[in-house]
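Note that our numbering gives residue 716 to position 147 of the sequence shown, counting from 1, and the numbers run on in steps of one. Read through the structure below, which is laid out as structure tokens, and then see the notes.
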Amino acid sequence: VWASLASFDRKTICAIEAGICAHHGLDPARELITPLLNSSLCIPALAAKTRRSVIQELVTRADENHKVWAKEDLIHEIHDRSEECVTELLPPVAFPHPSHPVPYDIAETFLAVGIHHSGLAFGSPRGDMSHLFFLLCVKEETAQIHLLLRLFRMLHEPGVVHSLLDCQTPTALAETLATRETALLLE
Numbered sequence: 570v571w572a573s574l575a576s577f578d579r580k581t582i583c584a585i586e587a588g589i590c591a592h593h594g595l596d597p598a599r600e601l602i603t604p605l606l607n608s609s610l611c612i613p614a615l616a617a618k619t620r621r622s623v624i625q626e627l628v629t630r631a632d633e634n635h636k637v638w639a640k641e642d643l644i645h646e647i648h649d650r651s652e653e654c655v656t657e658l659l660p661p662v663a664f665p666h667p668s669h670p671v672p673y674d675i676a677e678t679f680l681a682v683g684i685h686h687s688g689l690a691f692g693s694p695r696g697d698m699s700h701l702f703f704l705l706c707v708k709e710e711t712a713q714i715h716l717l718l719r720l721f722r723m724l725h726e727p728g729v730v731h732s733l734l735d736c737q738t739p740t741a742l743a744e745t746l747a748t749r750e751t752a753l754l755l756e
């Protein structure tokens, strides 16, 4: 399903999210991303030059904000996942994340967001450059699929990616994401 998401229309993506929420007994109208947003975990100008350094910069920011217990283990886990499987599901957005929950590597579930204005090769099968990065690390087994799907649904809307790429401050990045999730849930 993940590899095909970009080809699905809005209605289908919404139905997939609703079905997964129903399966896990969750309310699909509940905010999922907004509670995780923290402007101190948003980097509007990543300095990274490689896939590994993007991961390292985002994890370091989370570590500086006391979200990470085992920094090097987490970096290794996320990098290995990004080597095994494509994490760019929607050009020019990449979703680096561990392949499974990491309850012993992190203090709590978190989302770190970064923008790389010139773009980096992040393993897109089409050779696209990634500019927007969402590092998601979860403690709970079911949280990862819900959060990734909600992010994808938010970013799939026309103009959202470009409005995020235009953000110049961490606060603007966090506020734009929160506004987008609220708007999505009101539709």
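Where is the CB? At the ideal position from N, CA and C, for every residue including glycine.
Per-residue DSSP class, three states only, for residue i
| i | result |
| --- | --- |
| L742 | helix |
| A663 | strand |
| I612 | strand |
| K618 | coil |
| E600 | coil |
| L574 | helix |
| G588 | helix |
| L606 | coil |
| S651 | helix |
| L627 | helix |
| L595 | coil |
Whole-angstrom C-beta distance between residue j and residue i, which should lie under 8 Å
| i | j | result |
| --- | --- | --- |
| S630 | A591 | Just to set this straight, residue 630 is Arg in the shown sequence, not Ser. Actually they do not touch by this definition, with Cβ atoms about 35 Å apart. |
| I675 | V623 | Not quite, the Cβ-Cβ distance comes to about 18 Å (not below 8 Å), so this is no contact. |
| L659 | L724 | 6 Å |
| C611 | L742 | 4 Å |
| A584 | P597 | With 8 Å as the limit, A584 and P597 do not qualify as a contact, their Cβ atoms being about 10 Å apart. |
| V730 | R749 | Contact flag wrong, Cβ pair sits at about 10 Å. |
| I589 | I714 | 6 Å |
| L754 | E600 | 7 Å |
Residue i and residue j closer than 9 Å at C-beta
| i | j | result |
| --- | --- | --- |
| E626 | A617 | yes |
| A712 | L606 | no |
| P667 | F691 | no |
| L574 | I582 | yes |
| V707 | L716 | yes |
| E726 | R579 | yes |
| L689 | V662 | no |
| L615 | G683 | yes |
| P739 | S609 | yes |
| V671 | L704 | no |
| Q737 | P613 | yes |
| T745 | S732 | yes |
| H758 | E633 | Because the chain here runs from 570 to 756, residue 758 falls outside it and cannot be looked at. |
| S699 | H685 | yes |
Residues that DSSP places opposite residue i in a beta bridge
| i | result |
| --- | --- |
| V637 | I675 |
Entirely within the segment 670–755 and at least 3 residues each: give me those beta strand (DSSP E) ranges in chain order.
-> 679–690, 698–706
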